[in-house]
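J.: If you're matching them up, the sequences are chains A and B in order.
In this text, residue positions in the first sequence follow the working numbering: the first is 23, and each later residue adds one.
In this text, residue positions in the second sequence follow the working numbering: the first is 88, and each later residue adds one.
Quick reminder that beta carbons are idealized off the backbone N, C-alpha and C, glycines included.
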Amino acid sequence: MPTFPTDGWFQSFIELINRSAEYRAAAADWEGDIAFLVQAEPDIRVPDDVWGYLDLWHGACRGGGVVDAGTGERAAYVLSAPYTRWKDILLGELDPIKGMMQGKLKVRGDLPTIVRYVRAANELVRLTGEVDTVFPDEG
Amino acid sequence: MRAVVFADVGRVEVADVAAPVIERPTDAIVRVTRTAICGSDLHFLHGKAPIERGSVLGHEAVGVVESIGGDVTGVRPGDRVVVSFHIACGSCWFCRRGETALCEDHAILGAGPFGGDLPGAQAERVRVPFADTNLLAIPDAVDDERALFVGDVLTTGVYAATLAAVRPDETAAVVGLGPVGSCTVQALFALGAKTVFGIDVDPARRMVAQAAGAIPVDAARVNPQMILARATDDRGADVVIEAVGTPAAYETCVDLVRRGGRIVVVGMFAGEVTELQLGVYWARALEVRFAGLCPTHAYWQRTMTLLAEDRLDPSPIVSHRLSLEEAARGYELFDRRIATKVLLAP
C-alpha cells in the first residue's frame, strides 16, 4: 500500500483517475494542471513539505507525481494545506470546497473555475479515498 | 559630538558630527543617555531605504533635556524624557484625533529623505522638533533603560494589543517574536488576554515570550495552523497579530485565524505584494486591520503607566548593552540575528 504523500501514492491516484468514467465526463473540457502542497508537520512524522502534481486535460490525467517546489508553483492551480487537512479529505472527514471557504485548504488560481467543476472535484476527492493508503503518522 | 552615521551599504561608523542646536522655538535638545538599534535601521544598512552618507542614524532615545526653544512649555532643562521615534506636529487634524502617525508634518528621526531628513538619535545629542508633543517625562519609578522602549517598540506592542482587543475567553496568536512581537505578547496579557500563542523559529525569542506567559510554537517543528486548530476545537485563533512584515507571515496569520476572526498587521511592509482571495475573505468574514506606524503619542502615557506598575518589562528583550563607540559591532550582531536588541550608551 502506498504511503501518503509519496510518488507511489500519486501514481495509484492517477491510475484511478484515468479509470473513472465519472471524472472523464465531469471534466471533459477541463484544461489546467493542479499542484497539491502537503505542508509539513514534523511532529507527526511529515518532516518536509511535499508537492504533488497532476496534469489534467479533458477528463484524463496525462501524468504527474511528486515534483519539486518550482514545478508545483508553476501549476495553474495550487491547493495547499497541512498534512492533517489532506488526511481529513482523504478520509472523507473534510469537504474540500467547504475547507476552502473555511480557510482550512488554500487555493491559488481561478477559484470560480474550480467551483464550476465541482462535480469533477468531488470525483477526484472520492477517488483519493479509493487509494489504499498508509498514513505516516499512524505507522 | 560623536554619532553613528551611515557610511555605505553594509557599513555604519561612529564619527564626529556637528552638535545639534535649537532651530525653531518648538525644538528641544536632548542629551542622550541610552539609544538603541531597531530593525528598521537595518533597511538603511542594507541599502533598501535611501539615506545620505554621513547621516546620523537611529530613532530610539532617552535622555535629559539640555535646552529648549522659546515656545516649549511642556518640558524644562534637566527633565528626564523619552523621545518619540516619529515626530508629529501635535496640532494638525490627524494629531488632534490622536492619529499622530498620520500627521501632516510627519517625520522620523534618522530615516533619510522619507523621514524628513532629521538627524537621528544614535548620538550624544539629538534635536527634537515639536518638543511639547514628542517628549514624554519619565517618572522616577522607571529607569532610563526601560523607559527607552516607551518611545517605540513597547508602545507599539500596547497599540497592537489595543487594536487586537482580546477578551479573556479568546485565543490570540502572535506571529513573529522579535522585539515588536515580544512586546505585543506582554501587552496582550497586560490588557487582559489569558491565552496567547507565540510563534517563531528562533528558540531565544520563544523563550522570552514563554517567560511572559505565551505558549511557544516552534514553526520549524510543528505546523502552527494545526496547533491552533487543536487548541480551539478546530476553529483557529480568535485574533492573530502579524509582527514580522513579510507576505509569508501574513499568509500564516490568514491560515491561523478562525472564521469571523481578526488579524492585526503591525509588522512593517513596504513594496511587498500578495494575492488575496476576496471571496474567501468575504466568506470567512475576516477583519483585517493594518496598524501602520504606531501613533506613539496616543498610547505612550498608558505604556509608561503599565511600565511603572511593573505590568510590562522590556528588559528580557535586551541581549546586548554596548557603548556608542561599539555601534558598528552592535549593528553586525543585530543584523546576523545574534542579538535580539542592542542598546547603546553614549
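Run the CB neighbour count on B/V159, radius 10 Å, all protein chains shown included, and call it buried at 16 or more, exposed below.
T.: The residue given as residue 159 of chain B occupies position 72 in the second sequence. Under this definition B/V159 is a buried residue.
J.: Might you give, ordered along the chain, the residues of its own chain that have their beta carbon closer than 6 Å to the beta carbon of B/P255, omitting 5 neighbours on each side?
T.: As a first step, residue 255 of chain B must be located in the second sequence, where it is residue number 168. So the qualifying residues of the chain are G279 and K281.
J.: If we cut at 8 Å on Cβ distances, does B/E374 have a partner in chain A?
T.: For the purposes of this step, residue 374 of chain B is identified with residue 287 of the second sequence, where counting begins at 1. Taking Cβ atoms only, chain A never reaches closer than 8 Å to B/E374, which makes this a no.
J.: As a quick exercise: from B/D230, B/Y337, B/A378 and B/I116, pick the residue whose alpha carbon is nearest that of B/A208.
T.: Sequence index remark: in the second sequence, residue 208 of chain B carries index 121 (1-based). Per the Cα distances, B/I116.
J.: Please report the Cβ distance between B/A318 and B/T258, rounded to the nearest whole angstrom; I am assuming they are in contact, meaning their Cβ atoms lie under 8 Å.
T.: Walking along the second sequence from the start, residue 318 of chain B turns up at place 231. Walking along the second sequence from the start, residue 258 of chain B turns up at place 171. Indeed, because the Cβ distance is near 6 Å, the residues count as touching under 8 Å.
J.: Strictly below 8 Å CB to CB, what residues from chain A border B/R346?
T.: Taking the second sequence and counting its residues from 1, the one referred to as residue 346 of chain B is at position 259. Simply Q124 and G125.
J.: Taking C-alpha atoms, which residue in B/V331, B/A307, B/I328 and B/L343 lies nearest to B/D320?
T.: Numbered from 1 along the second sequence, position 233 holds the residue referred to as residue 320 of chain B. Closest by alpha carbon: B/L343.
J.: Our contact map puts B/E147 next to B/A123 with C-beta atoms below 8 Å; I'd like the distance itself, whole angstroms only.
T.: Taking the second sequence and counting its residues from 1, the one referred to as residue 147 of chain B is at position 60. Taking the second sequence and counting its residues from 1, the one referred to as residue 123 of chain B is at position 36. A Cβ-Cβ separation of about 4 Å places B/E147 in contact with B/A123 under the 8 Å criterion.
J.: Is A/V60 near A/D71, with beta carbons less than 8 Å apart?
T.: Walking along the first sequence from the start, residue 60 of chain A turns up at place 38. Walking along the first sequence from the start, residue 71 of chain A turns up at place 49. Taking 8 Å as the Cβ cut-off, A/V60 and A/D71 qualify as a contacting pair.
J.: Is the distance from the Cβ of B/V215 to the Cβ of B/V170 below 8 Å?
T.: The sequence position of residue 215 of chain B within the second sequence is 128, counting from 1. The sequence position of residue 170 of chain B within the second sequence is 83, counting from 1. Yes, the Cβ-Cβ distance between B/V215 and B/V170 is below 8 Å.
J.: Can you find a C-beta in chain B that's less than 8 Å from the C-beta of A/P64?
T.: As a first step, residue 64 of chain A must be located in the first sequence, where it is residue number 42. Taking Cβ atoms only, chain B reaches closer than 8 Å to A/P64, which makes this a yes.
J.: Going along the chain, which residues of the region 101–115 of chain A sit with their C-beta nearer than 7 Å to a C-beta in chain B?
T.: Taking 7 Å as the upper bound on Cβ-Cβ separation, chain B lies near residues P104 and T106 of the region 101–115 of chain A.
J.: Could you check what DSSP says for B/F93 in three-state terms: helix, strand or coil?
T.: What you label residue 93 of chain B is simply residue 6 of the second sequence in a count that begins at 1. In this structure, B/F93 counts as strand in the three-state DSSP scheme.
J.: Please report the straight-line C-alpha distance between A/H80 and A/E95, rounded to a whole angstrom.
T.: Start at 1 with the first residue of the first sequence, and residue 80 of chain A comes out as number 58. Start at 1 with the first residue of the first sequence, and residue 95 of chain A comes out as number 73. One C-alpha to the other measures close to 22 Å.
J.: Please classify A/E145 as buried or exposed, where buried requires at least 16 neighbouring CB atoms within 10 angstroms.
T.: Within the first sequence, the letter at position 123 stands for residue 145 of chain A. Buried: at least 16 other Cβ atoms inside 10 Å.
J.: Against chain A, which members of the region 386–418 of chain B pass a CB distance test of less than 8 Å?
T.: none
J.: Could you check how far apart the C-beta atoms of B/G97 and B/S142 are, in whole angstroms? I think they sit under 8 Å.
T.: Within the second sequence, residue 97 of chain B is the residue found at index 10, counting from 1. Within the second sequence, residue 142 of chain B is the residue found at index 55, counting from 1. Their Cβ separation, rounded to whole angstroms, is 15 Å, which puts B/G97 and B/S142 out of contact at 8 Å.
J.: Return the CA-CA distance between B/T120 and B/M313, expressed in angstroms with no decimal places.
T.: Looking up residue 120 of chain B in the second sequence gives position 33. Looking up residue 313 of chain B in the second sequence gives position 226. Between B/T120 and B/M313, the alpha-carbon positions lie close to 46 Å from each other.
J.: Check each candidate in B/V151, B/A330 and B/M294 and name the one with the smallest Cα separation from B/A234.
T.: The residue given as residue 234 of chain B occupies position 147 in the second sequence. The shortest C-alpha separation from B/A234 is found at B/V151.
J.: Based on the DSSP output, what are the partners of B/V101 in its beta bridges?
T.: On the second sequence, position 14 is the one that residue 101 of chain B refers to. Bridge partners of B/V101: B/V91.
J.: Rounded to the nearest angstrom, how far is the Cβ of A/I119 from that of A/G86, given a contact under 8 Å?
T.: Numbered from its first residue, the first sequence carries residue 119 of chain A at position 97. Numbered from its first residue, the first sequence carries residue 86 of chain A at position 64. 22 Å between Cβ atoms; not a contact.
J.: Can you say whether B/Q273 is buried or exposed, counting buried as having 16 or more other CB atoms within 10 angstroms of its CB?
T.: Position 186 of the second sequence, counting from 1, holds the residue named residue 273 of chain B. Buried.
J.: Would you tell me roughly how many angstroms separate the C-alpha atoms of B/C182 and A/E115, rounded to the nearest one?
T.: For the purposes of this step, residue 182 of chain B is taken as the residue at position 95 of the second sequence. For the purposes of this step, residue 115 of chain A is taken as the residue at position 93 of the first sequence. Distance between the alpha carbons of B/C182 and A/E115 is about 53 Å.
J.: Which same chain residues end up closer than 6 Å to B/W387 when comparing Cβ atoms and leaving out the 5 residues on each side of it in sequence?
T.: Residue 387 of chain B sits at position 300 when you count from the first residue of the second sequence. Closer than 6 Å at the Cβ level, and outside the excluded window around B/W387, lie L223, V237 and T242.
J.: Grouping DSSP H, G and I as helix and E and B as strand, with all else coil, what is B/C125?
T.: Counting from one through the second sequence, the residue named residue 125 of chain B turns up at place 38. Correct three-state label for B/C125: coil.
J.: Please tell me whether A/V60 has its Cβ less than 8 Å away from any Cβ of chain B.
T.: In the first sequence, residue 60 of chain A corresponds to position 38, counting from 1. Interface flag for A/V60 against chain B is unset, since no Cβ pair is found closer than 8 Å.
J.: In chain B, which residues lie less than 9 Å from A/L133 when you measure between Cβ atoms?
T.: Walking along the first sequence from the start, residue 133 of chain A turns up at place 111. Within 9 Å Cβ-Cβ: Q364, G366 and V367.
J.: Among A/Y75, A/A91 and A/D90, whose alpha-carbon lies nearest the alpha-carbon of A/R84?
T.: For the purposes of this step, residue 84 of chain A is identified with residue 62 of the first sequence, where counting begins at 1. For the residues A/Y75, A/A91 and A/D90, the minimum Cα distance to A/R84 belongs to A/Y75.
J.: Which residues of chain A have a Cβ atom closer than 8 Å to the Cβ of B/D342, listed in chain order?
T.: Counting from one through the second sequence, the residue named residue 342 of chain B turns up at place 255. Result: G125 and K128.
J.: With respect to the alpha helix (DSSP H) encompassing B/Q209, which residues constitute its N-terminal and C-terminal limits?
T.: The residue given as residue 209 of chain B occupies position 122 in the second sequence. It is not in any alpha helix (DSSP H) - B/Q209 carries neither H nor E in the DSSP assignment.
J.: In terms of residues, what are the limits of the beta strand (DSSP E) holding A/V89?
T.: Numbered from its first residue, the first sequence carries residue 89 of chain A at position 67. It spans A82 to V89 - the beta strand (DSSP E) in which A/V89 sits, taken as one unbroken run.
J.: Kindly indicate if chain A contains any beta-carbon less than 8 Å away from that of B/A318.
T.: In the second sequence, counting from the first residue as 1, residue 318 of chain B sits at position 231. Not closer than 8 Å to any Cβ of chain A, the Cβ of B/A318 fails to qualify, so no.
J.: Please tell me whether B/R293 has its Cβ less than 8 Å away from any Cβ of chain A.
T.: Residue 293 of chain B sits at position 206 when you count from the first residue of the second sequence. Closer than 8 Å: no.
J.: Given a threshold of 16 other Cβ atoms within 10 Å of its Cβ, counted over all protein chains shown, does B/V288 qualify as buried or as exposed?
T.: To locate residue 288 of chain B, count along the second sequence from 1; it is residue 201. Result: exposed.
J.: At 9 Å on the CB atoms, spell out the chain A contacts of B/N310, in chain order.
T.: As a working mapping, residue 310 of chain B is identified with position 223 in the second sequence. Per Cβ cutoff of 9 Å: Q61, A62, E63, P64, D65, I66, V68, P104, Y105 and T106.
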